[in-house]
Structures are given as C-alpha cells and as structure tokens.
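Trainee:
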Amino acid sequence: MTRADKAVLRLASGLFLAVLLAYGLALPMPFVVCLLAVIMLCKPGPPLPMLKGAVVALLLGALLVAGVLMVPLLQHYALTGVMLTGAVLYALFFFGLRSANPLTMILVVSFTLVPVAGVAEQALVTVISVALMVGVLVGVVVNGVSHAFFPDPPERPDSTAKPPPVGREAASWIALRATLIVLPVFVLALSNPSFYLAAIMKTVALAQQAGSARARSAGRELVGSTLMGAGMAMLVWFGLSAWPNLWMLMLWVTGAALWSGARIFGVRASAFSPSFWSNALMTMLILLGPAIEDSASGKDVWQASAKRVALFVGVSLYAWATVWVLERWRASRSQALFFDRR
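Quick note, the working numbering runs 712 ahead of the 1-based positions in the sequence shown.
#1: Determine the DSSP secondary structure at Val878, reduced to helix, strand or coil.
#2: Report yes if the CB atom of Ser822 is closer than 8 Å to the CB atom of Leu770, and no otherwise.
#3: Between the alpha carbons of Ala1022 and Ala942, how many angstroms are there, rounded?
#4: With distances taken between CB atoms, is the gap from Ser858 to Ser725 smaller than 8 Å?
#5: Would you identify the three-state DSSP class for Arg1071, choosing helix, strand or coil?
#6: With a cut-off of 8 Å on the beta carbons, I'd call Ile751 and Met817 a contact; round off their distance for me.
#7: Give the C-beta separation of Arg1064 and Pro866 to the nearest angstrom, bearing in mind that I take them to be a contact with Cβ-Cβ under 8 Å.
#8: Just mark Gln834 as buried or exposed, buried being the case when its beta carbon has 16 or more other beta carbons within 10 Å.
#9: Pick out the complete beta strand (DSSP E) segments inside the stretch 968-1040, 3 residues or longer, and give them in chain order.
#10: Checking 8 Å against the spacing of the C-beta atoms, do Leu786 and Val831 come in under that value?
#11: Considering Lys914, what are the terminal residues of the alpha helix (DSSP H) in which it resides?
#12: Would you decide whether Ser1009 is buried or exposed? Buried here means 16 or more other CB atoms lie within 10 Å of its CB.
#13: By the three-class DSSP mapping on this structure, what secondary structure does Cys754 have?
#14: Measure the C-alpha to C-alpha separation of Leu895 and Asp1006 and round it to an integer number of angstroms.
#15: Given Gln920, which residues of its chain have a CB within under 6 Å of its CB, disregarding the five upstream and five downstream residues?
#16: Thinking Phe805 and Ala890 are a contact (beta carbons under 8 Å), I'd like their distance in whole angstroms, please.
#17: Rounded to whole angstroms, what is the Cα-Cα separation between Leu993 and Ala860?
#18: Compute the beta-carbon to beta-carbon distance between Lys718 and Pro814, rounded to the nearest angstrom, for a pair I have assumed lies under 8 Å.
#19: Between which two residues does the alpha helix (DSSP H) holding Ala835 run?
#20: What is the C-beta distance between Ser1017 and Leu999, in whole angstroms, given that I count them as a contact (C-beta under 8 Å)?
#21: Indicate whether the contact test is met: 3 or more Cβ pairs, each with one atom in the stretch 728-736 and one in the stretch 962-979, closer than 8 Å.
#22: With distance defined between alpha-carbon atoms, name the residue in Leu952, Ala1043 and Arg1042 nearest to Gly1001.
#23: Can you tell me whether Arg722 is buried or exposed, with buried defined as 16 or more other CB within 10 angstroms of its CB?
#24: Tell me which same chain residues have a C-beta within less than 7 Å of the C-beta of Val979, skipping the five on either side of it?
#25: For Tyr789, does the three-state DSSP call read helix, strand or coil?
#26: If contacts are defined as beta-carbon pairs under 8 Å, then Met845 and Leu739 qualify, I think. What distance do you get, rounded to the angstrom?
#27: Take Ile893 and list the residues in its own chain whose beta-carbon comes closer than 7 Å to its own, dropping the five residues that flank it on each side.
#28: Using the C-alpha atoms, what's the distance from Val744 back to Leu909?
Right, here's the structure in full:
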C-alpha cells in the first residue's frame, strides 16, 4: 500500500470517527467539528504531537478571547473594529504562509466566527467557542487514531526534500489577497450573523485556496469546487433521505471522503488541483450540517440549502474577481516600474 493510499484511508476513517463523535454525542455545531477534523486529516506529515497540539490549543484560546474582546469594539466603533480585524487576519495569513502551517485556517475561522456570533447573541459565542475547542480536540484524536491504523513508512534521509518556505514578498501578497477576500464577507456577517455564519467558513476556505490559484484558473478552481461540493452534498442528502440514520450519514460521508480523497492525494488522476477537492469536501460538510439541523427543526431544507448555495457561489465569484483584479493590477504595476527603470 502506497503512502497516498494510506492518506486516503486516514481521511476516510478519521472523518467516519469524527461524524460518529460529533453527531452521535450531539456535540454543539457538529458540522464545525467535522470540518476541523478534515483540516487536521488533510495536513501532510505525521499526526500533531501533544506539545504542538497544546500550543495550537493555547493560540486558539487566545484568539477566542481576542474575538470576544472585539465584540464591543465592533458594536460601538465599527470602522476601528473592522480595520483591526483586517490587520489580525493579514498577520494570521502571513505567518501561516511563512511557517507553511496548514492549520492556519482553524485560527482564522476562530477569530472571524466569534465576533460575528457575539454581535448576534452572547450565548452563541459560548456555543461556537465550545464547538471550536472540541473540534480541535476531536481532530487531534481521530488524526492520531487513523495514523495508528494506517501509519506511513519511515522516510529515508535522502528521500523527497521539503518544499522551500514561501518568500516574504510572496507571502505578503498572498496574505493581502486572502484578507481582501475574507473581510467583506465578515462585514456582511455583522448585519445578519445567523445567515452568514456558514458563509464565513466557506470564505476562509476560499481564501486559503485562492492563495495557490493562478488568475487564469481561479474561476474554475474557486467556483468549480463550490459547485462540486454542492453536488456532493446533494448526493449525500438523497442517500440519507432513503434511510435517515446516523450510520447511513457516516457511510455516505465516508464514501464522499474516499472519492474526493483519492484525488486530493493523487491516487486518481484529476484535472483539478488537490485544493479543489479538499475545498469541495469542506463545502459539502458546510452545506450538509445546516441542512440536517433544518430538517430536525422542521424547516424547508431545499429552500434554505438553495439560498446557501447561491450565497456560496456569489462569494466564490467575488473571490475570483478579487484574484483577477489584484493580479492584473500587480502585473500592470510591475510593467510600469520596468519602463520607469528604462
């Protein structure tokens, strides 16, 4: 069994366990727990050691506290609060790129969700904070268990070298691009937090995906992965409609993880990048979780899901336009500087 095969099995088995724990134990916001587990499972390399896990937990706790402190600032000094939020987002993206840390998305999601929830209702802050902390804990546990069942062979010293870190200038540019993608949706969420909470998680995933997307292929990558995730969520929902119970949810989600994971880790050839498929899987979870909650509360699932898909497609189009405009501006600026030097 190759290293890529084991990575796919780790993703599928880890997500299977995450769904079992999140929905079986009725954890708060279970789809957020599953989403954080996917982020942990898609992280390359060995499972997160306990010491690094403690550091991530402490940093996450600090960001949650900072998010709570941002609430009165956003309520009474909105412009200052938004500017400070943008600065923190830029710093998180920048240092995440410089350190090549794939867990940056967890920190960004935490810092953006808590202030928006606090503006809506203080009780929601507690629910989201617990969901995020439990999600990280579940992610560490299922990642460790899946690695125990499907361990990677030890790497040889002369094997593949680690990719070089992103340069300071490139990291600064990509961080700026990601911040400009997330910040407008964050501002919109302050006006209607309950409607835009899921959109914030989707936007953060898009911002991270846009960091590796080129201007020419950004539309296909960003919008295409959103539509693919919506299609996957629809298929899983049809399967659940035939036999709605926890075990079927676990099996359908595991099947989706196997299918997308084979393309994330290169077991199956694909015309799309690994970030396309990981974003599609996360989009599926973000759409599926609220749909399950809507069904349990007796709401119209299809109408609510259609609104979310339309919102996600709109956010994806905005992210594409942002990448295109910024790259065109950067190209014209560098060309003007070239002629000035001559």
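Yeah, the Cβ is synthetic: ideal placement off N, Cα and C, and Gly gets one too.
Mentor: Per the coordinate set shown:
#1: If DSSP states are grouped into helix, strand and coil, Val878 belongs with coil.
#2: With respect to Leu770, Ser822 sits apart: the two C-beta atoms are not nearer than 8 Å.
#3: Looking at the backbone, the Cα of Ala1022 and that of Ala942 are separated by about 10 Å.
#4: The criterion of a C-beta distance shorter than 8 Å is satisfied by Ser858 and Ser725.
#5: In the structure displayed, the chain extends from 713 to 1054; residue 1071 sits before or after that span and is not available.
#6: Between Met817 and Ile751 the Cβ distance is about 6 Å, and since that is below 8 Å, they are a contact.
#7: Outside the shown range of the chain (713 to 1054) lies residue 1064, about which nothing can therefore be said.
#8: By the 10 Å Cβ count, Gln834 comes out exposed.
#9: The stretch 968-1040 is shown to contain no whole beta strand (DSSP E) run of 3 or more residues.
#10: Contact: yes.
#11: It spans Pro905 to Ala922 - the alpha helix (DSSP H) in which Lys914 sits, taken as one unbroken run.
#12: Burial check for Ser1009: the Cβ neighbour count within 10 Å stays below 16, so the residue is exposed.
#13: DSSP places Cys754 in coil when its eight states are reduced to three.
#14: Between Leu895 and Asp1006, the C-alpha separation is close to 28 Å.
#15: Closer than 6 Å at the Cβ level, and outside the excluded window around Gln920, lie Met817.
#16: Taking a contact as a CB-CB distance under 8 Å, the pair Phe805 and Ala890 counts as one, their CB atoms being some 5 Å apart.
#17: Cα-Cα distance, rounded: 23 Å.
#18: Not a contact, Cβ separation roughly 18 Å.
#19: Segment Gln834 to Phe861, the alpha helix (DSSP H) holding Ala835.
#20: At roughly 6 Å, the Cβ-Cβ gap stays under 8 Å, so Ser1017 and Leu999 are in contact.
#21: The stretch 728-736 is in contact with the stretch 962-979.
#22: Gly1001 has its Cα closest to that of Leu952, out of Leu952, Ala1043 and Arg1042.
#23: With 16 or more other Cβ atoms from the protein chains shown falling within 10 Å of its own Cβ, Arg722 counts as buried.
#24: For Val979, same chain residues with a beta-carbon under 7 Å away, outside a window of 5 residues either side, are Ala716, Asp717 and Val720 in chain order.
#25: Residue state, collapsed to three classes: coil.
#26: About 11 Å separates the two Cβ atoms, so there is no contact after all.
#27: Excluding sequence neighbours, Ile893 sits near Thr915, Leu918, Ala919, Ala922, Ala1031 and Thr1034.
#28: If I take the Cα positions, the gap works out to 11 Å.
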